[in-house]
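Here UniProt numbering is used: position 506 in the sequence shown is 506, and no number is missing along the way. Backbone N, C-alpha and C define an ideal beta-carbon position, used for all residues, glycine too. From a predicted model like this one, the values you see are computed outputs, not experimental measurements. Right, one structure below, let's go through it.
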Amino acid sequence: MHHFPSLDSISASVGVPKDILKLLGLLLLSTPLSIPLASFKSRSIHIYSILCSTIFLLGVFHLTSGWIQLVLTSFATWLTLKIRLNSKSLKSNTPWWIFFGLLGHLTINHARRLFWNVSPDTVEITGSQMVLVMKLSTFAWNVYDGQQPSDRLDAYQRSTAIKELPGLLEFFGYCFFFPSLLVGPAIPFSEYSKFAARRDLGLASLPGRGAHAVRKIATGLLFAALVGLYGSQWSYDTILEDDFLAKSWLQRLWHLQVAGFMSRARYYLVWCLAEASLAMSGCGYNSSKGDWSGGRNIEIKEIELAQNYKGVFDNWNMKTNTWLRECVYKRVAVIEGNKPGFKSTMATFGASAAWHGPLPAYFLAFLSGGFLQALGRSIRGTIRPFFLGPSRASKIIYDGLCIIGTQTTLNYLVVPFVLLDIGSTRVVYNRLGWYGHILAGVPMLVLWAGGYERKLRKLHASRSNEKESKASVTSKQTKLTASIQPVIVASGNNKTVITAITNPIDGQKTISMTTLIGENPKSTSKS
1 MHHFPSLDSI SASVGVPKDI LKLLGLLLLS TPLSIPLASF KSRSIHIYSI LCSTIFLLGV
61 FHLTSGWIQL VLTSFATWLT LKIRLNSKSL KSNTPWWIFF GLLGHLTINH ARRLFWNVSP
121 DTVEITGSQM VLVMKLSTFA WNVYDGQQPS DRLDAYQRST AIKELPGLLE FFGYCFFFPS
181 LLVGPAIPFS EYSKFAARRD LGLASLPGRG AHAVRKIATG LLFAALVGLY GSQWSYDTIL
241 EDDFLAKSWL QRLWHLQVAG FMSRARYYLV WCLAEASLAM SGCGYNSSKG DWSGGRNIEI
301 KEIELAQNYK GVFDNWNMKT NTWLRECVYK RVAVIEGNKP GFKSTMATFG ASAAWHGPLP
361 AYFLAFLSGG FLQALGRSIR GTIRPFFLGP SRASKIIYDG LCIIGTQTTL NYLVVPFVLL
421 DIGSTRVVYN RLGWYGHILA GVPMLVLWAG GYERKLRKLH ASRSNEKESK ASVTSKQTKL
481 TASIQPVIVA SGNNKTVITA ITNPIDGQKT ISMTTLIGEN PKSTSKS
């Protein structure tokens, strides 16, 4: 009798931890499981999603305690908002209290994971909890926005505002929507609600979801093959081995770049599979683009060819960026008088670090990222203008150097984020000659400490004003010489050309008459 190989034997043969195999299997399975959602009515969608998510967490990962925690925190959020709405006492402090409560609970579970020394390869409840924290805190702010006058909200807030609190079934269907349960993306409630109500309104599913899902699965499997074949060979952990010392510095540098890409490829893999599942369900349609990119969490090309850190951060984990922007950055900006400043920026980075976990390595990575993003803005404002001359080649050279600089420092920056250990990070930096600190430190010293940023910005502003002044004079001169279509009067062998010119400066008109007799023109003019 034929026996299927056990999960343990498969894990041992392919060298992938058992829980990671389960996670990848569920992400792949989520796409076919999502197919019937597009034809279900809203009530069936909610029930089906809750059942699938419950099977994932209880039946596959055996996370009974974690599942109970997710249910209780979801219900507590809904009940708090329900009470506040009924008593008409929903103020801006309510979403803040919900936000801090959710983040505090997540931090406790992160700390428990660290205290019990749980392996990063073990799937436990904090992964799904991180997604739920984004959903619930966003939901709280959306309900608050729904009670505010429309003119006090921006366009995005108006589009996601919740006027009436949904029922518990719809709410739990949103919280436990299985295509986004395990690794995200965290979509707003308004998007889920519109998707779930389509069949109730007699609307057919939009076309193209199947083809999009297939493309994303193919992309995800491509990255799975890359990671499976080369991930262990080209990793950050390899740098810590004694054999790595035999490599030259250039070989070490190259290893770090490939290791950085392989590290990102793991995220590309899971987020592509999640996007496929979301699209196949019929959710995630981007009406502004006319495609199924609404569930996209990464833009791979833009990340790999980014010319600065803004390009990286804007296209990496995009739904988390949206959450931080809408639930932290904008809300703190209101406290600052609707002028985002230092508090908004630091609160955003702090919330991101706390959301990932209370590890010094995370804070080091995010703090470094903040400095490098600020440095990128300084370089763009002071160095880039020198390369914007008439020669297109200089701009191409600048762009190429920026791509190389961004990628080489990015792969260096994320060392603590990947290794999650300050001591190991220091060893890696030692073996790479601290090149990232040098590449970033020199321009920081010159531009910031040396005061050259202010001087160069002043120089570029002066040159820009000169160019605008010259352009204005040239424009006036061009207008001065501009005339209406000349009138030609012929008489015998003689021709008279009459031209009217208006001076754009004083508005005075000049009429010019030129008489052509043979080859000797005679001109007269009068104003």
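Item                                                                                                                  : Value
Contact under 9 Å by Cβ, I239 with L273                                                                               : no
Start-to-end residues for the alpha helix (DSSP H) that takes in D237                                                 : Y236 to I239
Within 9 Å, strictly: CB atoms of Y285 and T382                                                                       : no
Range of the contiguous alpha helix (DSSP H) that encloses E299                                                       : Counting along the chain, E299 falls outside any alpha helix (DSSP H), and DSSP gives it neither H nor E.
Burial state of F100 (16 or more Cβ within 10 Å)                                                                      : exposed
Inter-residue spacing [alpha-carbon to alpha-carbon] between I403 and T77                                             : 44 Å
Close beta carbons around A353, own chain, < 6 Å, minus the five adjacent residues each side                          : Y362, F363 and F366
Residue range of the alpha helix (DSSP H) that includes E124                                                          : Careful: E124 lies outside any alpha helix (DSSP H) and carries neither H nor E.
Where N338 falls: helix, strand or coil (DSSP)                                                                        : coil
Whole-Å CB distance - T11 paired with L21, under 8 Å assumed                                                          : The sequence given here has Ser at residue 11, not Thr. At roughly 6 Å, the Cβ-Cβ gap stays under 8 Å, so S11 and L21 are in contact.
Helix, strand or coil at N430 [DSSP, three-state]                                                                     : helix
Spatially closest choice to A351 from V418, T320, G294 and M262, by CA coordinates                                    : T320
G433 versus G282, S248, S469 and K330, residue with shortest Cα-Cα distance                                           : S248
Check whether I98 and S128 have beta carbons under 9 Å apart                                                          : no
Neighbourhood of C175 by C-beta, 8 Å cutoff - its chain only, sequence neighbours within 5 removed                    : L70, S74, L132, K135 and L136
Sheet register partners of N286 (DSSP bridge)                                                                         : D291
Euclidean distance between Cα positions of S313 and D243                                                              : This sequence places Phe at residue 313; Ser is not what is there. Near 34 Å, if we compare the C-alpha coordinates of D243 and F313.
Whole-angstrom distance between V16 and Y268, CA atom to CA atom                                                      : 17 Å
Local conformation of E310 per DSSP, three classes                                                                    : Here the sequence assigns Lys to residue 310, which means Glu is not the residue at that position. Three-state result, K310: helix.
Exposed unless 16 or more other CB atoms sit within 10 angstroms - verdict on E241                                    : exposed
Where P17 sits in the DSSP three-state scheme                                                                         : coil
Exposed unless 16 or more other CB atoms sit within 10 angstroms - verdict on I303                                    : buried
Boundaries (first-last residue) of the alpha helix (DSSP H) holding S372                                              : One detail in the question is off: residue 372 reads as Leu in this sequence, not Ser. Note, L372: alpha helix (DSSP H), P360 to T382.
Supposed close pair S39, M280 - CB separation, criterion 8 Å                                                          : Contact flag wrong, Cβ pair sits at about 12 Å.
L23 versus S180, G146, I68 and V328, residue with shortest Cα-Cα distance                                             : S180
contact_flag[the stretch 103-123, the stretch 143-156] where n(CB pairs < 8 Å) is 3 or more                           : no
Extent of the continuous alpha helix (DSSP H) run through I55                                                         : Where I55 is concerned, there is no enclosing alpha helix (DSSP H), given that its DSSP letter is neither H nor E.
Start and end residues, alpha helix (DSSP H) containing A276                                                          : W249 to S281
Contained alpha helix (DSSP H) runs [length at least 4] in the stretch 145-194, N- to C-terminal order                : 155-160 and 168-175
Inter-stretch contact at 8 Å, needing at least 3 Cβ pairs: the stretch 441-448 / the stretch 370-379                  : yes
Alpha helix (DSSP H) segment containing H110, residue limits                                                          : N93 to F115
C402, enclosing alpha helix (DSSP H) - first and last residue                                                         : R392 to L413
Neighbourhood of N109 by C-beta distance below 7 Å, restricted to the same chain and skipping five residues each side : I125, T126 and Q129
Where the alpha helix (DSSP H) containing S74 begins and where it ends                                                : T64 to N86
Contacting residues, own chain, Cβ-Cβ under 6 Å from A374 (five flanking each side not counted)                       : none
G231 (DSSP reduced to helix, strand or coil)                                                                          : coil
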